[in-house]
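Read through the structure below, which is laid out as structure tokens, and then see the notes.
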Amino acid sequence: MLNKHIRKVAVLGSGLMGTGIAAQLAGCGLEVLLLDILPNDLAENEAQKPAARNRIAATSLQTALKAKPAPFYDTKFAARITVGNFEDDFSKIKDYDWIVEVVVERLDIKKQVFEKVEKYRSKGSLVTSNTSGIPIHMMAEGRSEDFKKHFCGTHFFNPVRYMRLLEVIPTPDTDPEVTAFFMHYGDVILGKQTVLCKDTPAFIANRVGVYAMAKIYQLTQEIGLSIDTVDALTGPAVGRPKTGTFRLGDLVGMDTAVHVINGMRENCPNDEQIGTFGIPKYLQFLIDNKFLGNKTGQGFYKKTAEKDAKGRPVILSLNLDTLEYGAPQKEKLPIIDTLKQIEELPRRIKAVFKGDDKGAQLLQRAHLGLFAYVSNRVPEISDTAYAIDDAIRAGFAWEAGLPSLTRLCPAANPLSCSIHSVPTNRSTPMPNAPCTTSATACCASNSTPK
Ligand SMILES: NC(=O)c1ccc[n+]([C@@H]2O[C@H](COP(=O)([O-])OP(=O)(O)OC[C@H]3O[C@@H](n4cnc5c(N)ncnc54)[C@H](O)[C@@H]3O)[C@@H](O)[C@H]2O)c1
-13 MLNKHIRKVA
-3 VLGSGLMGTG
7 IAAQLAGCGL
17 EVLLLDILPN
27 DLAENEAQKP
37 AARNRIAATS
47 LQTALKAKPA
57 PFYDTKFAAR
67 ITVGNFEDDF
77 SKIKDYDWIV
87 EVVVERLDIK
97 KQVFEKVEKY
107 RSKGSLVTSN
117 TSGIPIHMMA
127 EGRSEDFKKH
137 FCGTHFFNPV
147 RYMRLLEVIP
157 TPDTDPEVTA
167 FFMHYGDVIL
177 GKQTVLCKDT
187 PAFIANRVGV
197 YAMAKIYQLT
207 QEIGLSIDTV
217 DALTGPAVGR
227 PKTGTFRLGD
237 LVGMDTAVHV
247 INGMRENCPN
257 DEQIGTFGIP
267 KYLQFLIDNK
277 FLGNKTGQGF
287 YKKTAEKDAK
297 GRPVILSLNL
307 DTLEYGAPQK
317 EKLPIIDTLK
327 QIEELPRRIK
337 AVFKGDDKGA
347 QLLQRAHLGL
357 FAYVSNRVPE
367 ISDTAYAIDD
377 AIRAGFAWEA
387 GLPSLTRLCP
397 AANPLSCSIH
407 SVPTNRSTPM
417 PNAPCTTSAT
427 ACCASNSTPK
């Protein structure tokens, strides 16, 4: 393995993820240079002032210091971060051991950034991208041999300090020693669960997680439920985080989610479920109005200045049909009450498959569609079921991984999906038996299997 000691890291891009990564790496003892673009509204009298020119990165850092959940374990670690801008400070990366790109999810922009990185980096320095879904080899096109050898994907999850997953994605040109280094470094120094991924669009966790999200978006409108109800159904009730599905969309950011969905549509022509990744009208409405989620103050949910009886801000929810915000609408569904009364996840999942109201139908169809989808992704995105399991649990904080969930679903049990034949040895590849069962039929036809 590469014998490298990383002391200094340059983080390019100080948005949501850039500041999260900078805070995490500063917390691990690294000296961090956090750069961003020049503000496009610089006044004439500010044009030469460093404080004004560094405003984007400096403001992002100040926001991170107040953010919840806190990106910093201790705000004192922020002293290890120096802010700057792409025009005045880019050349400093020559002294940095690791350069992490975290700019907006656009291949053209990322390629421009890497061209500049090539110009200033020192040979042998490590360069990685935090892209959510752009194939890593595409970003390295046109770069030198030394760059390509030291380049791979290091995909952190949001919020960086709290989500344990770090996907490491080499290209065919990445030096295997660099890959091995990041797998070890991410685990031992950064405290992450590292998962080695193939360079397929959206890698492992997002390919599966975004499918799961897009499927639930589709089912919500088709079955006719409110976003509040679906968030109640798809959160801790089924072993997933309390953001549920739509709040997670607000957390990730609508622009990023749409870039990932579109990237999958463009780059996965042989994906049998590609149609599910369509952009619904309501998502387009949010994008068109720049209602991008938490980062712009409104998305599926909108925080108002009003306070409720307990002094908490009143939060409105988007009606997916009328595209208007209104008071939260929680449908009264027996399955929600049933799930609340059951302690253990396995019994809750079994209860889902015994339910017959609209909420149970949504969960059944979402789960069966997911099992079929994942089953058909092996060996495309991973040779082992455990990598998918690790990625989805550490990246999306699901309580149970897919193989165990599959075994719990009575409707999925007779299936011959490859996900059922999970080898006991973590390094053993999964058999490649495409799922040709009722779960596939379920996700293809959108019918509810009985
Ligand atoms: N948001 C998430 O949950 C999440 C999770 C994992 C990975 N990512 C990935 O991390 C990257 C950044 O995402 P984010 O959520 O932090 O986005 P963001 O919108 O919060 O930040 C984007 C950054 O790009 C910079 N930028 C904008 N235009 C630019 C240009 N022309 N040249 C250079 N920089 C420019 C912005 O100033 C900002 O710092 C993306 O590749 C995204 O896919 C996001």
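As numbered in the numbering used here, residues -13 to 436 make up the sequence shown, in order.
Heads up, the beta-carbon is just placed ideally off N, CA and C, and yes, glycines get one too.
Owing to the predicted nature of the structure, the values given are computational and were not obtained by experimental measurement.
Environment of residue i [buried if 16+ CB atoms lie within 10 Å]
{"i": "Leu234", "result": "buried"}
{"i": "Ile405", "result": "The pLDDT assigned to Ile405 is 48, lower than 50, so where the model puts this residue is not dependable, and the model offers no usable value."}
{"i": "Tyr203", "result": "buried"}
{"i": "Asp323", "result": "exposed"}
{"i": "Gln48", "result": "exposed"}
{"i": "Gly4", "result": "buried"}
{"i": "Pro187", "result": "buried"}
{"i": "Ser433", "result": "Only weak support is given to the placement of Ser433: the predicted model assigns it a pLDDT of 36, under 50, and the value that follows is read from those uncertain coordinates. Label assigned to Ser433: exposed."}
{"i": "Pro270", "result": "According to the sequence provided, residue 270 is Gln. The question's Pro does not apply to it. The residue in question, Gln270, is exposed, as its Cβ has fewer than 16 Cβ neighbours within 10 Å."}
{"i": "Glu438", "result": "The displayed coordinates of the chain run from -13 to 436. Any statement about residue 438 would go beyond what the structure contains."}
{"i": "Val(-3)", "result": "buried"}
{"i": "Pro400", "result": "Note on Pro400: pLDDT 42, under 50, position unreliable in the model; no value is reported."}
{"i": "His353", "result": "buried"}
{"i": "Asn116", "result": "buried"}
{"i": "Pro156", "result": "buried"}
{"i": "Thr61", "result": "exposed"}
{"i": "Arg351", "result": "buried"}
{"i": "Tyr59", "result": "exposed"}
Cross-strand partners of residue i (DSSP beta bridge)
{"i": "Asn71", "result": "Asp22"}
{"i": "Phe137", "result": "Val113"}
{"i": "Gln284", "result": "Gly279, Lys288"}
{"i": "Val86", "result": "Val(-3), Thr114"}
{"i": "Glu17", "result": "Lys(-6)"}
Beta carbon of residue i nearer than 7 Å to that of residue j
{"i": "Leu278", "j": "Gly239", "result": "yes"}
{"i": "Ala12", "j": "Ile67", "result": "yes"}
{"i": "Arg92", "j": "Asn71", "result": "no"}
{"i": "Ile85", "j": "Val103", "result": "yes"}
{"i": "Asp376", "j": "Gln98", "result": "no"}
{"i": "Leu348", "j": "Leu205", "result": "yes"}
{"i": "His141", "j": "Val113", "result": "no"}
{"i": "Leu(-12)", "j": "Glu252", "result": "no"}
{"i": "Ser303", "j": "Ile213", "result": "yes"}
{"i": "Val154", "j": "Met169", "result": "yes"}
{"i": "Ala166", "j": "Leu325", "result": "no"}
{"i": "Gly225", "j": "Glu385", "result": "yes"}
{"i": "Lys288", "j": "Tyr311", "result": "yes"}
{"i": "Ala383", "j": "Pro255", "result": "no"}
{"i": "Asn192", "j": "Ser77", "result": "no"}
{"i": "Ile122", "j": "Asp185", "result": "yes"}
{"i": "Leu306", "j": "Asp343", "result": "no"}
{"i": "Ile105", "j": "Gly355", "result": "Note on identity: in this sequence residue 105 is Lys, with Ile being the wrong assignment. Result no, Cβ atoms of Lys105 and Gly355 do not sit closer than 7 Å."}
8 Å contact criterion, which residue i and residue j should meet: CB distance rounded
{"i": "Leu151", "j": "Gly381", "result": "4 Å"}
{"i": "Pro55", "j": "Gly6", "result": "With a Cβ gap of about 10 Å, Pro55 and Gly6 do not count as contacting."}
{"i": "Glu258", "j": "Asn362", "result": "6 Å"}
{"i": "Leu182", "j": "Ala373", "result": "7 Å"}
{"i": "Val216", "j": "Gly195", "result": "Incorrect: roughly 16 Å between the Cβ atoms, too far for contact."}
{"i": "Leu272", "j": "Lys336", "result": "36 Å between Cβ atoms; not a contact."}
{"i": "Lys134", "j": "Asp81", "result": "The pair is not a contact, with the Cβ atoms about 22 Å apart (cut-off 8 Å)."}
{"i": "Asp21", "j": "Asp75", "result": "Note on identity: in this sequence residue 21 is Leu, with Asp being the wrong assignment. Rounded, the Cβ-Cβ distance is 6 Å, consistent with contact."}
{"i": "Lys109", "j": "Asp94", "result": "So it is not a contact: roughly 26 Å between Cβ atoms."}
Chain C contact for residue i (CB, 7 Å cutoff)
{"i": "Ala377", "result": "Among the chains in the structure shown there is no chain C, since it carries only a single protein chain."}
Runs of alpha helix (DSSP H) wholly within the stretch 134 to 221 (minimum 4 residues, chain order)
Listed in chain order, they are 162 to 174, 191 to 209, 213 to 219.
Alpha helix (DSSP H) runs contained entirely in the stretch 279 to 356, provided each spans 4 or more residues
320 to 326, 331 to 338
What alpha helix (DSSP H) runs, 4 residues minimum, are completely inside the stretch 222 to 256?
232 to 238, 240 to 253
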